[in-house]
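> The opening position of the sequence shown corresponds to residue 9 in this note's numbering, with each subsequent residue numbered one higher.
The C-beta atom is built at its ideal place from N, Cα and C for all residues, glycine as well.
If you're wondering where the values come from, they're calculated on a predicted model, not measured in any experiment.
Below: one structure in structure tokens.
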Amino acid sequence: KLMFAPLKGRDRAGPKARDEYADKTAPCYSWLFDIARGAALCQTEDAIVQLYAALEADPRVDIVRTKNRFNPPMFNGYQDILMNVAVKVENVSHLCELQIHLVPIKDSEALHKSHTVYEFFRSFFLGNSDAVEQRLEMLC
Numbered sequence: 009k010l011m012f013a014p015l016k017g018r019d020r021a022g023p024k025a026r027d028e029y030a031d032k033t034a035p036c037y038s039w040l041f042d043i044a045r046g047a048a049l050c051q052t053e054d055a056i057v058q059l060y061a062a063l064e065a066d067p068r069v070d071i072v073r074t075k076n077r078f079n080p081p082m083f084n085g086y087q088d089i090l091m092n093v094a095v096k097v098e099n100v101s102h103l104c105e106l107q108i109h110l111v112p113i114k115d116s117e118a119l120h121k122s123h124t125v126y127e128f129f130r131s132f133f134l135g136n137s138d139a140v141e142q143r144l145e146m147l148c
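What follows is the structure, given as structure tokens:
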């Protein structure tokens, strides 16, 4: 099942660019790869592998970056795959984010309120690994 989200709004895109990409070269906004985004919901692990293989084989799709958040999972335990893909339409490529979810894990998101936890701690985990490690030590 495919789902398409609305374009990321300015109210989230601005802070994300400034907070997460301030240390990158060029304007921080040029590092936002998830303005256009969608999700694929897969029932099984095999379906995820098949989807990935189909994307790799499609000449209209260039896989730019893949984040496998199954291993290791996110700090809140959530697992998925994030892909940045360049989708070719005629002579133009559009950079998009595709989130690949395993349905049983996605269904547990509401039960465990993992997205609420993610949003609460998102700013706490900003910065490089040293900064995050220092913040984690404060919690222990």
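If we cut at 8 Å on Cβ distances, does L10 have a partner in chain C?
Note that chain C does not occur in the displayed structure, where there is just one protein chain.
> Using the three-state DSSP reduction, which class does R18 fall into: helix, strand or coil?
helix
> For L40, name the three-state secondary structure that DSSP assigns.
Residue state, collapsed to three classes: coil.
> Is the separation between the beta-carbon of N76 and that of I56 shorter than 8 Å?
no
> Using the three-state DSSP reduction, which class does R45 fall into: helix, strand or coil?
strand
> Could you say if the stretch 60 to 74 and the stretch 25 to 32 meet the contact criterion of at least three C-beta pairs nearer than 8 Å?
no
> For the stretch 39 to 123, which segments carrying the beta strand (DSSP E) assignment without a break, of at least 3 residues, lie completely within its bounds, in sequence order?
45 to 50, 69 to 76, 89 to 97, 100 to 110
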